[in-house]
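Chains as they are written, first to last, in this note's numbering: chain A, 2 to 201; chain B, 2 to 201.
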DNA sequence: TGTTACATGTAACGTTTGTTACATGAAAAG
DNA sequence: CTTTTCATGTAACAAACGTTACATGTAACA
């Protein structure tokens, strides 16, 4: 049985997904939920406490959703980037990720106000996918690039809403990596890292 | 001779670069410039007018800086992505781009408040670089990918400040494209587009 | 010198902000 | 049946918000 507070958090998450973080205000928020600012303060102590609990709940749920994605990945040879992309742009996950990207940017420009909510940051998905790279290719530069491709395309999706084109770009990147792999002689193991991505 | 207003705009740009957009308030802003909120309203009509003029001035200057970059590109064979990256992370341009990325994200989540400032958007740099691709490779997917690599790496730079690693990732991407080019047979011309990025 | 335009400061207005004081209803526990 | 606990509403608070009214100084022009 859900406590009153848990129900409230669910409703609050829904509101935040639709309205963003940067101009959040207690009274309009409360009114949208059919209650009063007084009640929110009662349950969460302060606006800051409210944001902490709501964002925390959201990140937890996203992490769970991500975990179950990883586990049910029957074929480990399937392209992890594509798998992850499809998960990220799925209707039920997309708005959450969108909000976390907003949080990330706000924290960059205003760490005093938003930095605290990023402590247990859920946005370092990008690094996680890196672990799915073949070990020989898992260099800092390649992992950074992989994460950036994901971030950049997701932002493009946020701005334009063009699922088709951004997904094509994901596939283009995968193709690029494959072709480059063909072009490179198969390394006997090790030493690959230094010759490929070490300091010039 | 600069008018009082132009001087003000210069100072305002400086302030915005350091403080971001999302929590801008007239009184602290005025105090930082050693004047009063009254004066700002007098010169710009409203807070909204102030933001319009200041952001417009900033975008204009960035465009000029970018144009002169393009013109003095003596060797057209030099990697355009790397050229552009170096320009973007240069000390004098970096804060401006950072602010425009914040604007972009705020506009996504709150178009009513920030969308207006993006009309003549200066952030579509990314598409511009696409024009530097060999014509055969200038497919929508590849252009989107190229822009996303830039956006993603720039955001990573914003978050971590790690110029070295993000620059290595830029070079990694260039290397990847080169290697893929080797692996692919040279196309006689045309038809490349359909076979590479058309609908699956 | 008088007048007019521009620039600026002080103080206030009305609104909205997060938060709190006080009161009340409902439900559970004794 | 009373008492205690939880949940909630109304109203107020002080602060900060964008904006405006009013006054004043300075500089140019007549």
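Glycine included, C-beta positions come from ideal geometry on N, C-alpha and C.
Predicted model, so just to flag it, every value in this text is computed and none were measured.
Cutoff 9 Å: residue i Cβ touching any chain B Cβ
i	result
residue 16(A)	no
residue 26(A)	no
residue 196(A)	Caution is warranted here: a pLDDT of 44 is assigned to residue 196(A), below 50, making its placement in the model unreliable, and no coordinate value can be reported.
residue 159(A)	yes
residue 142(A)	yes
residue 181(A)	yes
residue 174(A)	yes
residue 50(A)	no
residue 109(A)	yes
residue 117(A)	no
residue 145(A)	yes
residue 23(A)	yes
Helix, strand or coil at residue i [DSSP, three-state]
i	result
residue 3(A)	coil
residue 46(B)	coil
residue 66(B)	helix
residue 61(A)	helix
residue 135(B)	coil
residue 37(B)	coil
residue 193(A)	Confidence at residue 193(A) is low in this model, with a pLDDT of 44, below 50, so the placement of that residue is unreliable and no value is reported for it.
residue 93(B)	coil
residue 24(A)	coil
residue 110(B)	helix
residue 149(A)	helix
residue 173(B)	helix
residue 162(A)	coil
residue 73(B)	coil
residue 140(B)	coil
residue 31(A)	helix
residue 181(B)	helix
CB contact below 9 Å: residue i versus chain A
i	result
residue 73(B)	no
residue 132(B)	no
residue 136(B)	no
residue 169(B)	yes
residue 150(B)	yes
residue 177(B)	yes
residue 61(B)	no
residue 102(B)	yes
residue 20(B)	yes
residue 94(B)	no
residue 164(B)	no
residue 252(B)	Nothing can be reported for residue 252(B): it is not among the residues displayed for chain B, which extend from 2 to 201.
residue 99(B)	yes
residue 8(B)	no
Through-space distance from residue j to residue i, alpha-carbon basis
i	j	result
residue 46(B)	residue 171(A)	46 Å
residue 42(B)	residue 18(B)	20 Å
residue 34(B)	residue 71(A)	53 Å
residue 55(A)	residue 15(A)	10 Å
residue 250(B)	residue 139(A)	The structure shown does not extend to residue 250(B), since chain B is modelled only from 2 to 201, so the question has no answer here.
residue 119(B)	residue 142(A)	32 Å
residue 173(A)	residue 154(A)	12 Å
residue 104(A)	residue 24(A)	12 Å
residue 97(A)	residue 7(A)	18 Å
residue 164(A)	residue 59(B)	31 Å
residue 84(B)	residue 136(B)	19 Å
residue 159(A)	residue 99(A)	7 Å
residue 61(A)	residue 38(B)	43 Å
residue 48(B)	residue 28(B)	11 Å
residue 148(B)	residue 101(A)	21 Å
residue 66(B)	residue 92(B)	13 Å
residue 175(B)	residue 86(B)	12 Å
residue 181(A)	residue 64(A)	32 Å
residue 95(A)	residue 36(B)	44 Å
Buried or exposed by the 16-neighbour rule on C-beta atoms within 10 Å, applied to residue i
i	result
residue 131(A)	buried
residue 106(B)	buried
residue 108(B)	buried
residue 81(B)	buried
residue 201(A)	Since pLDDT at residue 201(A) reaches only 37, below the 50 mark, its modelled position is unreliable, and the value read off the structure follows with that caveat. It counts as exposed.
residue 11(B)	exposed
residue 145(B)	buried
residue 3(B)	exposed
residue 113(A)	exposed
residue 73(B)	exposed
residue 21(B)	buried
residue 162(B)	exposed
residue 89(A)	buried
residue 199(B)	Unreliable placement is indicated for residue 199(B), whose pLDDT of 40 sits below 50; the coordinate value is still reported in the next sentence. It is exposed - the Cβ of residue 199(B) has fewer than 16 other Cβ atoms within 10 Å.
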